[in-house]
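Here's the structure, in structure tokens; my notes come after.
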Amino acid sequence: MSNPGAIWKQVQRPLVLSVLCGALLASLSGCVALVAGGAISGTLAASDRRTFGAQTEDQSIQVKSRLRLNNTVGDAGHININSFNRRVLLTGEVPDEAAKATAEREVRAVEGVLSVTNELEVAGLASYTSRSSDTLITTKVKASLVDTKDISANSYQVVTERGVVYLQGRVTQREGQIGADVARGVSGVTKVVKVFEYITDEEWKSYQPKQASQ
1 MSNPGAIWKQ
11 VQRPLVLSVL
21 CGALLASLSG
31 CVALVAGGAI
41 SGTLAASDRR
51 TFGAQTEDQS
61 IQVKSRLRLN
71 NTVGDAGHIN
81 INSFNRRVLL
91 TGEVPDEAAK
101 ATAEREVRAV
111 EGVLSVTNEL
121 EVAGLASYTS
131 RSSDTLITTK
141 VKASLVDTKD
151 ISANSYQVVT
161 ERGVVYLQGR
171 VTQREGQIGA
181 DVARGVSGVT
191 KVVKVFEYIT
201 DEEWKSYQPK
211 QASQ
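Residue 1 is where the sequence shown starts when you use full-length UniProt numbering, and the numbers rise one by one after that.
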């Protein structure tokens, strides 16, 4: 009898890799990386450990945060906003500590935000070459996660800034360590920062039938 988990793994790889390759091409061409089709994004969303409501709210948090930062920090910085289960990660560059503090304050004020991890660097704006390299690293890390046994790659969110990889997601301590080890093994990665929301083994077990049935 076929193993449902193994079947999902076989389906997941081409779906995820197609999204990653499209996102890479969109990024390198200067386009917004909204390349996933409805069927693909729907399939991946179904295996996400966030509720559908949380996934929707994360999108809303990112949009609202961007609007607030455009009105405060503006073009003075390059700020990336990634929300996972209402926990926001800020990365990128700002001109000074005041701008860094302002960005965090504005995002914390957005309705629904539970926490903010402020990893903004006080530095000059990263070059196009640096950002392209970061996009490639992110793509390679995600692909490596897909190829790793005993974990669900869709449980991780990967962000790269200046060679530093930030990992978000709802994972067990074991999954978090595996994900970090995988990321460290990717060429070009200088450091891995874990920004996980940890779940118990009991919670992990509750997700398995849902993922195996996809």
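We put the beta carbon where it would ideally sit given N, CA and C, even for glycine.
Can you tell which of the options has its C-alpha closest to the C-alpha of residue i?
i: Glu-111; options: Arg-87, Pro-95, Ala-76 and Lys-149; result: Arg-87
i: Gln-55; options: Leu-167, Ala-103 and Gln-157; result: Gln-157
i: Thr-139; options: Glu-106, Val-116, Gly-188 and Arg-105; result: Gly-188
i: Arg-131; options: Val-63, His-78 and Ser-152; result: His-78
i: Ser-65; options: Ala-109, Glu-97 and Lys-205; result: Ala-109
i: Ser-83; options: Asp-96, Val-63, Lys-100 and Ile-137; result: Val-63
i: Pro-95; options: Thr-135, Leu-114, Ile-81 and Val-73; result: Val-73
i: Val-186; options: Glu-57, Ala-98 and Thr-135; result: Thr-135
i: Asp-58; options: Glu-106, Asn-71 and Leu-114; result: Leu-114
i: Val-116; options: Tyr-128, Thr-129, Ser-127 and Lys-100; result: Lys-100
Note down the Cα distance separating residue i from residue j, rounded to an integer number of angstroms.
i: Ser-47; j: Leu-69; result: 31 Å
i: Gln-177; j: Ser-60; result: 30 Å
i: Leu-167; j: Lys-191; result: 11 Å
i: Thr-91; j: Asn-118; result: 7 Å
i: Ser-133; j: Thr-51; result: 32 Å
i: Glu-93; j: Asp-75; result: 11 Å
i: Val-195; j: Ala-98; result: 24 Å
i: Ser-206; j: Ala-153; result: 17 Å
i: Leu-89; j: Glu-106; result: 13 Å
What is the DSSP secondary structure of residue i, reduced to helix, strand or coil?
i: Lys-140; result: helix
So, is the C-beta of residue i closer than 8 Å to a C-beta in chain C?
i: Lys-191; result: Among the chains in the structure shown there is no chain C, since it carries only a single protein chain.
- Task: For the stretch 162-169 and the stretch 120-136, state whether three or more C-beta atom pairs, one from each stretch, are separated by less than 8 Å.
- Result: Yes, the stretch 162-169 touches the stretch 120-136.
- Message: Using 8 Å as the cut-off, can you tell me whether the stretch 165-173 makes contact with the stretch 196-203, which would need three or more C-beta pairs spanning the two stretches below that distance?
- Response: Output reads yes: the stretch 196-203 touches the stretch 165-173.
- On the three-pair Cβ rule with 8 Å, is the stretch 178-191 touching the stretch 136-148? Touching, yes, given that three or more Cβ pairs across the two stretches are closer than 8 Å.
- Message: Just to confirm the assignment: which complete beta strand (DSSP E) runs, minimum length 3, are found wholly within the UniProt domain "BON" (55-124)?
- Response: Counting only runs of 3 or more, we get 78-84, 87-94 and 115-118.
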